[in-house]
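Which chain is which? The protein sequence lines are Z and D, in order. Take the first sequence: its letters are residues 1 to 559, numbered as in our numbering. Take the second sequence: its letters are residues 1001 to 1136, numbered as in our numbering. Just so it is clear, CB atoms sit at the ideal spot from N, CA and C, and this is done for glycine as well.
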Amino acid sequence: MFSERTLREVEAGKKRWEKELEKGKRQKAEKGRRFSTVSDLEIKSIYTPEDIKDLDFSKDIGYPGIFPFTRVCQPTMYRGKEWTFRMFAGMGSAEDTNKRWHHLLREGETGLSTAFDFPTLMGYDSDSPRARGECGKCGVAIDTLRDFEILTHRIPLDSVTTSMTINPPASILWAMYLVVAEKAGISWDKIGGTIQNDMLKEFIAQKTFMLPPEPSIRLVSDTIEFGTQHVPLWNTVSISGYHIREAGSTAIQELAFTLADGITYVEDVIERKKMDVDSFAPRLSFFFNSHLDFFEEIAKFRAARRMWAHIMRYRFKAKDPRSWWMRFHTQTAGCSLTAQQPYNNIVRTTTQALAAVMGGTQSLHTNALDETLALPSEFAATIALRTQQILADETGVTNTIDPLAGSYFIESLTKLMEEKAWEYINKIDDMGGILAAIDKGFPQMEIADAAYHYQQQIDRKEKIVVGVNKYVVEEKAPPETLRIDEAVEEKQIARLQKVKKERDNRRVVQILKDLRAASRTDKNLMPYVIEAVREYATEQEICDVWRDIFGEYRDPGFY
Amino acid sequence: MVNSGRRIRILVAKPGLDGHDRGARVIARAFRDAGFEVVYTGLHQTPEQIAAAALQEDVDLIGLSVLSGAHMYLFKRVLELLKANNADDVMVIGGGIIPEEDIPKLKKLGIKEIFLPGTSLDKIVGWVRDNTKPRC
């Protein structure tokens, strides 16, 4: 990037600066202190052309919308289209959540995102003994298509895109969405959205798992194949680093494990489905965390795009440039929020949101200030949405694309993140891929080590959390938070029983039998799942078929 | 109770369908590093499984972690099952996302202490040292 002469001048200048440092009184204060990111990556006091002399502008940085996509996927970026304001929302009953969705849309959110309760996430109906006490608590309770019809009441499915955080039962909830659209007369090529459907990170971090890895991956590949053929605007998997980070990983681990998961999905679809990589790769999508360390996060996002572009182009020999690009959603870091002095969380979220925007996210959820206490209240969720709108409309940060490119620090950090993440990926490849690594507990233990290390740093005050280990005050009453009425469970169970009584039960039994038979073959199961939900089979009835055939995955309990 | 000189045995447990295990795993390590004997159940345990594990492992203390909002039902159920098995001398503490207003209710049920987010590991370990005696 620089001439020999420039580099010589840089070197000479550095020597002069170091001499100045000797004179400075403050050098003493700096000596012995370790300056590191929130992931404990050591940072130097100054970066110069020397740090990025090996970078090649065209090869490593380049232009937006062009390989290697370091500078975002879209040639016009936010000048052409703002990122999608997509607030993760779901609580209590389908009615409660529908109401929150309409509120958020009225306030200017531009994409929907669904939070399901734990029974729904884990493939249990609300009347299951396993679901006791959990109904509607952590998100919306969905048992059958009836609930889904209420959830999407008066939502314009042909103009708004919807994301669903759902994993083992992803195909079932997606099928409900497809049937609801079909009933509204909207064809499947007109609807857009995302199912998270990333089972690998479940085993690594989020831990909502149901079946063992092999059948879990098969269901993912089924949805990718079905989406490619029938729902072309749908992102059938959102390969997620978010939960890896929330579980306590470093930024580099988040980056590396996410890409390793992505590699495995691509391999599986190619091998299992014999599909051409360019037929499905353009619709693979990603999901990252935006944590507290501003520059580290921006570097991570830029490194992620560049790495994925290389993986797709050179490892998988994809030819379509859209197969090379990485589109991603971002959520600010839930784990960085504090129960203490909760209004401070607005500031944390704002900084993290800004990092996501500087990093070129396609879509963003900003956490509410009270999210460490409960599901967000309407008041808190609205402030979180406004945070994005202020960034987009008031701050001017959208005027130019990838504004931090060329910064000695950012480019050097981007390169460092990339190098360190490659080391992990190579190690995982040597182990035989991410599935073998998960089996050994490798990513799980790496994350556990990092989480424990970070907690110890907080306890020793090597890392500061305002309100927790510094600037601690006597707490005033916490803000008023949302509470899920215990009556939700009762009402939900009553509705479920009514649906079961009114549906054509003979037909449901037959479809579940067909699903069982097909599950034992290598047929794509999506058409069977769609038929089942159309006839109001419950989520658990479908999942029980799979649990019965494939068995259940048990947490090995690594710590 | 006679102190037989054995180490404090703790069951760290995740009841319910909640998958948030970062806190439980960090605290399990902290207990281990503090010299306690630790058994971690792993995720998605029913209250029945937790009570059975407590008996089987002969623990002095159970640490329950719930971040899903289902603590009122799950904590109560674990206490009931311990009582039904004549094991209500096993102390139970809890942690997670638990509204302040629920803490007195949980203590009334018999939960000895609740630790909220932001509590240091030292504080929790110290509490266990001060309040737990190995059962003989």
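- In chain order, Tyr452 and Tyr559 make up the part of chain Z whose C-beta sits under 7 angstroms from the C-beta of D:Arg1029.
- At a cut-off of 8 angstroms between C-beta atoms, Z:Pro212 does not count as an interface residue with respect to chain D.
- Note on geometry: alpha-carbon atoms of Z:Gln456 and Z:Thr250 lie some 15 angstroms from one another.
- Z:Phe301: member of the alpha helix (DSSP H) spanning Phe294 to His310, first to last residue.
- By the Cβ test, the stretch 1084-1094 of chain D is in contact with the stretch 1065-1076 of chain D, since at least three Cβ pairs between them sit closer than 8 angstroms.
- In this structure the stretch 1124-1136 of chain D touches the stretch 1018-1034 of chain D; the number of beta carbon pairs closer than 8 angstroms is three or more.
- Straight through space, the alpha carbons of Z:Phe257 and Z:Ile549 are spaced by roughly 29 angstroms.
- Scanning the stretch 371-438 of chain Z for uninterrupted alpha helix (DSSP H) segments of 4 residues or longer gives 378-393 and 408-431, listed from N- to C-terminal end.
- Annotation: Z:Ala247 to Z:Ile239 spans about 16 angstroms, alpha carbon to alpha carbon.
- In the DSSP assignment, Z:Phe203 forms no beta bridge with any residue.
- Rounded to the nearest angstrom, the gap between the Cα atoms of Z:Thr414 and Z:Thr37 is 13 angstroms.
- Contacts with chain D (Cβ-Cβ distance below 7 angstroms) from the stretch 160-173 of chain Z involve no residue at all.
- In the three-state scheme derived from DSSP, where H, G and I count as helix and E and B as strand, Z:Trp546 is classed as helix.
- Note: D:Tyr1040 is bridge-paired with D:Val1012 in the DSSP secondary-structure output.
- Residues of the stretch 1055-1073 of chain D with a C-beta atom less than 9 angstroms from some C-beta of chain Z are Leu1067, Ser1068, Gly1069, Ala1070, His1071, Met1072 and Tyr1073, listed in chain order.
- Around the C-beta of D:Arg1022, 16 or more other C-beta atoms lie within 10 Å, and the residue is accordingly described as buried.
- Z:Leu354: member of the alpha helix (DSSP H) spanning Asn345 to Met358, first to last residue.
- Annotation for D:Phe1115: the continuous beta strand (DSSP E) segment containing it runs Glu1113 to Phe1115.
- Taking 8 angstroms as the CB threshold, Z:Thr395 stays off the interface with chain D.
- In this structure, Z:Pro342 lies near Z:Pro479, with their beta-carbon atoms less than 8 angstroms apart.
- Taking a C-beta distance under 8 angstroms as the contact criterion, Z:Arg245 and Z:Asn289 qualify as a contact pair.
- Secondary structure note for D:His1071: its alpha helix (DSSP H) is the uninterrupted segment His1071 to Ala1084.
- For Z:Glu42, the pairing in a beta bridge is given by DSSP as Z:Ser36.
- With respect to chain D, the C-beta atom of Z:Cys543 has no partner C-beta closer than 8 angstroms.
- Beta-bridge annotation (DSSP): Z:Gln253 is not paired with any residue.
- One alpha carbon belongs to Z:Arg306, the other to D:Leu1067, and they sit about 36 angstroms apart.
- For Z:Gln362, the three-state secondary structure derived from DSSP is coil.
- For D:His1020, DSSP assigns no beta-bridge partner whatsoever.
- A distance below 8 angstroms between beta-carbons, with the five flanking residues on each side excluded, links Z:Thr372 to the following residues of its chain, in chain order: Gly334, Leu337, Thr338, Ala339, Pro342 and Asn345.
- Listed by position along chain Z, the residues whose Cβ is nearer than 8 angstroms to that of D:Arg1022 are Glu246, Ala247, Gly248, Cys335 and Ala451.
- By the rule that beta-carbons nearer than 8 angstroms mark a contact, Z:Glu134 touches chain D.
- Pairing Z:Arg71 with Z:Ile401 gives a Cβ-Cβ distance under 8 angstroms.
- Under DSSP, D:Gly1095 shares a beta bridge with D:Ser1065 and D:Phe1115.
- Interface residue (Cβ-Cβ distance to chain Z less than 8 angstroms): D:Asp1018 is classified as such.
- Within the stretch 169-204 of chain Z, the runs of beta strand (DSSP E) that reach at least 3 residues and sit entirely inside it are, in chain order, 193-195.
- With respect to the 8 angstroms criterion, Z:Ala94 and Z:Ile142 are classified as neighbours on the basis of their beta carbons.
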